[in-house]
Amino acid sequence: MSEKASGTEIPVGPQHPSLKEPANFTLTVDGEVITGAQMKLSYNHRGIEQAVLSKSYIEAIYLLERICGICSHAHTSAFTQGVEELLDLEVPPRARYIRTLIGELERIHSHMLWLGVAGHEIGFDTLWQYAWRDREIVMDLLEEITGNRVHYSINTIGGVREDLTDEHCETILEGMDDLAERIDFYQETVPNEETVRMRCEDVGVVPEDLAREYCAVGAVGRASGVPTDVRKDAPYAAYDDVDFDVITDDRGDLLARTVVRIGEIAQAIRIIRQVAKRIPEGDLKASAKPPQALLAQVPEDDVVSRYEAPRGELIHYVRADGTDTPARVHIRVPTLANWPTVVESLKGSYIADTPIVVAGIDPCISCTSRIGVETDGNHGGENAFDLDELREYGIEWYDDRSDVERPSLDGDERTVSGGTRGDRA
Amino acid sequence: MNPNQLKSDLDERLEDVIAASGEREDGRLEFVLADRADLPDAVSRIRDAGVTHLITITGVDGGEEIEVLYHFLKYGEYDGGDLSEGIELTLRAIVPKGDPTIGTITDQIPAAGLYERELMDMLGVEVPDHPNPEKLLLPDDYDGGPPLRAENLEVTD
Chain R
39 MSEKASGTEI PVGPQHPSLK EPANFTLTVD GEVITGAQMK LSYNHRGIEQ
89 AVLSKSYIEA IYLLERICGI CSHAHTSAFT QGVEELLDLE VPPRARYIRT
139 LIGELERIHS HMLWLGVAGH EIGFDTLWQY AWRDREIVMD LLEEITGNRV
189 HYSINTIGGV REDLTDEHCE TILEGMDDLA ERIDFYQETV PNEETVRMRC
239 EDVGVVPEDL AREYCAVGAV GRASGVPTDV RKDAPYAAYD DVDFDVITDD
289 RGDLLARTVV RIGEIAQAIR IIRQVAKRIP EGDLKASAKP PQALLAQVPE
339 DDVVSRYEAP RGELIHYVRA DGTDTPARVH IRVPTLANWP TVVESLKGSY
389 IADTPIVVAG IDPCISCTSR IGVETDGNHG GENAFDLDEL REYGIEWYDD
439 RSDVERPSLD GDERTVSGGT RGDRA
Chain H
13 MNPNQLKSDL DERLEDVIAA SGEREDGRLE FVLADRADLP DAVSRIRDAG
63 VTHLITITGV DGGEEIEVLY HFLKYGEYDG GDLSEGIELT LRAIVPKGDP
113 TIGTITDQIP AAGLYERELM DMLGVEVPDH PNPEKLLLPD DYDGGPPLRA
163 ENLEVTD
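Those sequence lines, one after another, are chains R and H.
Take 39 as the starting number for the first sequence in our numbering and just add one per residue.
Take 13 as the starting number for the second sequence in our numbering and just add one per residue.
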């Protein structure tokens, strides 16, 4: 049966059952079993790699931070660490500890978000609500320390912009106590819970040799027995001063990815406690010079900066040409590195498992297809919009929609036609 | 194995195909290919030396020519929760703008498939033997020329 593939193709996406972002999978199926899968990502190109070339290194931090709303600190850290290397700046220990702290709080928030999404994808909405409620602990801490829940804007070239007070450290330690209790509960219950086991055990398996062949990164690689972790294999920030374990699993299925991520939250709590207790006194920035003076010193050189983002290894390649704007910034996000494992592990899975297999790598399309802020509308072909055109298109689309007669369940007076909805004149 | 040992090992293995090699202050190794036609051969020798993780492929418009950088990582040793430092390595190939093509390494490293498609999209460096040379990041009807070529970077607003 499997030799003679039926050749029925099911398009999944770009508006997608498991993601809130556009990606398309064309599944070839034989009955309920997926025999082949192809993926398409090109729906939401934002041209950030192009736009960043017209910004100074300082402005670029804030643009690159907006590549992703979940791992925003990862992008700014990778970039600033690269520029610091170009400038040969020694970041003071206190700043390195603060970067580590924010990075680990971000890892917890990202993994908890994923745990909730995974629960939702397998129809276990209680887990989703539990995980997202507990995630608020770190979201509140991030807001208290940096002033923001999403784009923390704490990194700058040579250090950090906000200091940590003793009260902050107290609150962080208290928050970690509460969270640790919850994580103990998840470590105990999630891998043993019948619903989770039924939907995740032996589903979406990525064997070790496949993970190595496709150069999988982060929790996906580690759950398939490939121990890679930039925090250990090229320590940055304060990671060589703190103790933590690299969590691995050799089963390679979705359950293993879940167990590894929960284990990593426990390790992140361990790191955050060490940071909050041991953070050294000192300066926040490497140099008291104004940023413009620093930027005037950027030499002609290039640098590869790697960072362990919540989803895995992130790299920023920065080429400097001696001016205050970069000559090239290339970003490889962890989702791109892990996509091929999704395509491979979909083969042999059931159609119904597609959402959780796709969600299993914690994909981020916003990161992956980051690369056409269309600056003048000349380069993009007929479907490229600048901001004004996009706004006008949206308004027209909704206006036209209001002219369409649609059936109503609630009687005539609620029909949209002729009503006020969409009427913006 | 430290970066220095790996460098002398690779210097020997790649002796007849590289034009230059060096070790950066941060420990990253750099090798420059003399001829881009030797790319698949050089990558296979790098893999023989135990460097199997391809991080990404970066294209840079350098004016006269396009530089294509292959970033590799040699994994650190793992021992019960602890992981030692890995070694980063960059292989640099020079592609002339008049004939922007480069050989594929997807047959050796399947992970390169997506990165080579990104290179074709963004820099317009063609990879003739690629198994699936469709657009990856840009829309299918995009006709504006590779966005990261210098001639397409002029901003007119």
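Positions of the beta carbon are idealized from the N, C-alpha and C atoms, including for glycine.
At a C-beta separation below 8 Å, H/Y90 has these neighbours in chain R: P265, V284 and T286.
Taking a Cβ-Cβ threshold of 9 Å, the residues of chain R close to H/I67 are C253, V255, V342, R344, E351, I353, R370 and A375, in chain order. Within its own chain, the residues whose Cβ lies closer than 6 Å to the Cβ of R/P401, once the five positions on either side in sequence are excluded, are T373, listed in chain order. Taking a Cβ-Cβ threshold of 7 Å, the residues of chain H close to R/R250 are T64, in chain order. By the neighbour-count definition (other C-beta atoms within 10 Å, threshold 16), R/K315 is an exposed residue. With respect to H/E130, H/L101 sits apart: the two C-beta atoms are not nearer than 8 Å. Collapsing the DSSP output to three states places R/S404 in a helix. In the three-state reduction of the DSSP assignment, R/P364 falls in the strand class. Contact of H/P15 with chain R is not assigned, every C-beta pair being separated by 8 Å or more.
In the same chain as H/E42, and ignoring 5 residues on each side of it, the C-beta atoms closer than 7 Å to its own belong to S33, G34, R36, T102 and R104, in chain order.
In the three-state scheme derived from DSSP, where H, G and I count as helix and E and B as strand, R/A324 is classed as coil. The C-alpha of H/A123 lies about 46 Å from the C-alpha of R/D437. In this structure the stretch 133-140 of chain R lies against the stretch 195-202 of chain R, because at least three pairs of beta carbons, one per stretch, are closer than 8 Å. In this structure, R/H111 lies away from R/Y168, with their beta-carbon atoms at least 8 Å apart. In terms of Cβ geometry, R/T361 and R/K93 do not form a close pair [threshold 8 Å].
By the neighbour-count definition (other C-beta atoms within 10 Å, threshold 16), H/S20 is an exposed residue.
Listed as beta-bridge partners of H/E138 by DSSP are H/T113.
Here R/I48 is bridged, per DSSP, to R/L65.
Contact residues of the stretch 308-338 of chain R toward chain H are absent (C-beta to C-beta distance below 7 Å). In the displayed model, R/S191 falls within coil according to three-state DSSP, outside both helix and strand. Interface flag for H/L103 against chain R is unset, since no Cβ pair is found closer than 8 Å.
When the Cα atoms are used, R/S404 and R/L151 turn out to be separated by approximately 16 Å. Beta-bridge analysis with DSSP links R/G350 to R/A347. Neighbourhood of R/G196 in chain H, by CB distance below 9 Å: empty, with the nearest CB roughly 17 Å away. Between R/R145 and R/A306, the C-beta spacing is below 8 Å. Counted as a single uninterrupted DSSP element, the stretch harbouring R/H111 is not any beta strand (DSSP E) but the alpha helix (DSSP H) occupying residues S110 to L125.
H/L135 places its beta carbon less than 8 Å from that of H/D73. Against R/S80, the close residues of chain H are D133, E146, K147, L148, L149, L150, P151, D152 and Y154, in the order they occur along the chain (beta-carbon pairs closer than 9 Å).
Take R/E338, set aside five residues on each side of it, and the residues of its chain with a beta-carbon closer than 8 Å to its own are A358, D359 and G360, in chain order. Residues of the same chain with a CB within less than 8 Å of the CB of H/E89, apart from the 5 flanking positions on each side, are L95 and S96 in chain order.
Separation of R/G259 and R/E319 (C-alpha to C-alpha, rounded to the nearest whole angstrom) is 37 Å. Secondary structure of R/L165 (DSSP, three-state): helix. If you draw a straight line from the Cα of R/P245 to the Cα of R/S262, it is about 6 Å long.
DSSP places R/I317 in the coil class of the three-state scheme, outside both helix and strand. For the options R/D321, R/P329 and R/K78, the alpha carbon positioned closest to that of R/L125 is the one of R/P329. The Cβ of R/G242 sits no closer than 8 Å to any Cβ of chain H.
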